[in-house]
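What follows is a set of notes on a single structure, which appears directly below.
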Amino acid sequence: MRNRTRSLTALILALSVAALACAFPTNGTTVPQETLPPVIPATTQAPTTEVPPTTAAPPTLVLPTFTPSPTATATATALPCDRAAFVTDVTVPDGSDFYAGQTLTKTWRLRNNGTCTWTSGYSLIFDHGDAMGAPASQQLTTGTVAPGQSIDVSVNLTAPGAVGTYRGYFRLRNPSGVVFGIGANADVAFWAEIEVVPGTITLLFNPDWLVPIFPLLPTADFSLAYANVHICGVDRVIAFRLGNDDDVTFESVRLSMSDSTAGVLYVGVSSDSFANSATSCGMTASSFPTGGNRYVIRSLSPGSVSGNSFSATVRACSENGMGGTCVDHTINFSLP
Numbered sequence: 000m001r002n003r004t005r006s007l008t009a010l011i012l013a014l015s016v017a018a019l020a021c022a023f024p025t026n027g028t029t030v031p032q033e034t035l036p037p038v039i040p041a042t043t044q045a046p047t048t049e050v051p052p053t054t055a056a057p058p059t060l061v062l063p064t065f066t067p068s069p070t071a072t073a074t075a076t077a078l079p080c081d082r083a084a085f086v087t088d089v090t091v092p093d094g095s096d097f098y099a100g101q102t103l104t105k106t107w108r109l110r111n112n113g114t115c116t117w118t119s120g121y122s123l124i125f126d127h128g129d130a131m132g133a134p135a136s137q138q139l140t141t142g143t144v145a146p147g148q149s150i151d152v153s154v155n156l157t158a159p160g161a162v163g164t165y166r167g168y169f170r171l172r173n174p175s176g177v178v179f180g181i182g183a184n185a186d187v188a189f190w191a192e193i194e195v196v197p198g199t200i201t202l203l204f205n206p207d208w209l210v211p212i213f214p215l216l217p218t219a220d221f222s223l224a225y226a227n228v229h230i231c232g233v234d235r236v237i238a239f240r241l242g243n244d245d246d247v248t249f250e251s252v253r254l255s256m257s258d259s260t261a262g263v264l265y266v267g268v269s270s271d272s273f274a275n276s277a278t279s280c281g282m283t284a285s286s287f288p289t290g291g292n293r294y295v296i297r298s299l300s301p302g303s304v305s306g307n308s309f310s311a312t313v314r315a316c317s318e319n320g321m322g323g324t325c326v327d328h329t330i331n332f333s334l335p
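Here's what the structure looks like:
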């Protein structure tokens, strides 16, 4: 066993010496050795943890948000008490031609655009500009104009004496003296505008325009009044006074009476003559002239006494026999 160990040790030493001998240079030709590039050991990198690709989150769909517009709040505007609105020119549009001194009537149509009714206390007033003969103020209406209603307002004007353009401004005034007009604030005046042109007014004569002129017919009338009751013999006689202040002479007369208290009807009696006085007992005057007085008389019935209610009708005519122009008058009275 010991010998085997020694032999193994000797073999190892021999091999070691041989190896060393080969490592030392010799005097012979040296064969260059191929120089190999250094081998760079690969660096072992720590295994990397594979990061899975990031999945992009789907975009969030943003819906448009509807924001309602604020609703405008209507603010009620209080209407003025007195305000007018111009509707149209009824007559004399702006720029109408007139001769100097010519008269005209300007008419506007206005609407009551306020909340107060226009009454007879309201006025049309001249405000400024060319007056053209307009009054300073005049009544607007004799009635009423309610809110929303229209009225035609007229004023008489005269064209000035010189050629040119003329404009007059007008407004309205309420009974309290507050002046108002047209427009949103009721402070605008309305106007009349004319052109005065050269020339004069010429009146053309046409024979066809002549109208036959007839003489005025005389007027016929008279007054009637109770005169008295007087005695003629055994009769009680009633007398009525007639007065003629007109143009016709009366030639005949008739008196009709009724006593409603006694129930007596006095049938009319005609005559071509009249009584001269209130105490006459007969009718002897032949006519009843213009500017004169005459009487008509009649006998009373015994039943017609003082206090009875009477009605008397007298008819007088311009010709005898109750012809021509006739006039009637009736009076009612209590018998004295």
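Numbering (numbering that gives the first Met the number 0), first residue to last: 0 to 335. Note that the Cβ used here is the ideal one computed from N, Cα and C, for glycine as well.
- Here the C-alpha atom of A158 lies approximately 21 Å from the C-alpha atom of D151.
- Between the alpha carbons of G242 and T141 lies a gap of roughly 42 Å.
- For C80, the three-state secondary structure derived from DSSP is coil.
- The alpha helix (DSSP H) runs lying completely inside the stretch 70 to 155 and spanning 4 residues or more number zero.
- Taking the Cα positions, A315 is about 49 Å away from T143.
- In the DSSP assignment, S257 falls within the beta strand (DSSP E) that extends over 251 to 258.
- P92 and V177 have their C-alpha atoms roughly 28 Å apart.
- In the assembly as shown, V295 is a buried residue. Its beta-carbon has 16 or more other beta-carbons within 10 Å.
- Going by C-alpha positions, A188 is about 57 Å away from D246.
- In the structure shown, the three-state DSSP call for N292 is strand.
- The beta carbon of A284 sits closer than 8 Å to those of S272, F273, A274, N275, R293, all from its chain and outside the five residues before and after it, given in chain order.
- Cα atoms of S317 and S255: separation of roughly 18 Å, rounded to the nearest angstrom.
- Contact annotation: F179 and D81 have beta-carbon atoms nearer than 9 Å.
- Taking one beta carbon from each stretch, the stretch 323 to 335 and the stretch 224 to 240 have 3 or more pairs nearer than 8 Å; the two touch.
- T312 and V252 have their alpha carbons spaced roughly 11 Å apart.
- In terms of Cβ geometry, S149 and Q138 do not form a close pair [threshold 9 Å].
- The beta carbon of A185 sits closer than 6 Å to the beta carbons of P79, R82, F179 from its chain, once the five residues preceding and following it are set aside; these are given in chain order.
- Counting along the chain, D220 sits inside no beta strand (DSSP E), nor does DSSP assign it H or E at all.
- Looking at the DSSP output, A238 sits in a beta bridge with N227, I296.
- Relative to S136, the option among G147, F85, V154, G290 whose CA is nearest is V154.
- Nearest in C-alpha terms to G320, of all of G113, C280, V268, is V268.
- Looking at the DSSP output, T324 shares a beta bridge with no other residue.
- Per DSSP, reduced to three states, the secondary structure at V247 is coil, with no helix or strand assignment.
- Comparing alpha carbon positions, the residue from H229, C231, F125 closest to A191 is F125.
- Rounded to whole angstroms, the separation of the alpha carbons of A77 and N173 is 19 Å.
- The beta carbons of E250 and S305 sit about 34 Å from each other, so the pair does not count as a contact at 8 Å.
- Between D88 and W107 a beta carbon distance of about 6 Å is seen, short of the 8 Å cut, so the two are scored as contacting.
- Among the bridge pairs identified by DSSP, S270 is matched with V252.
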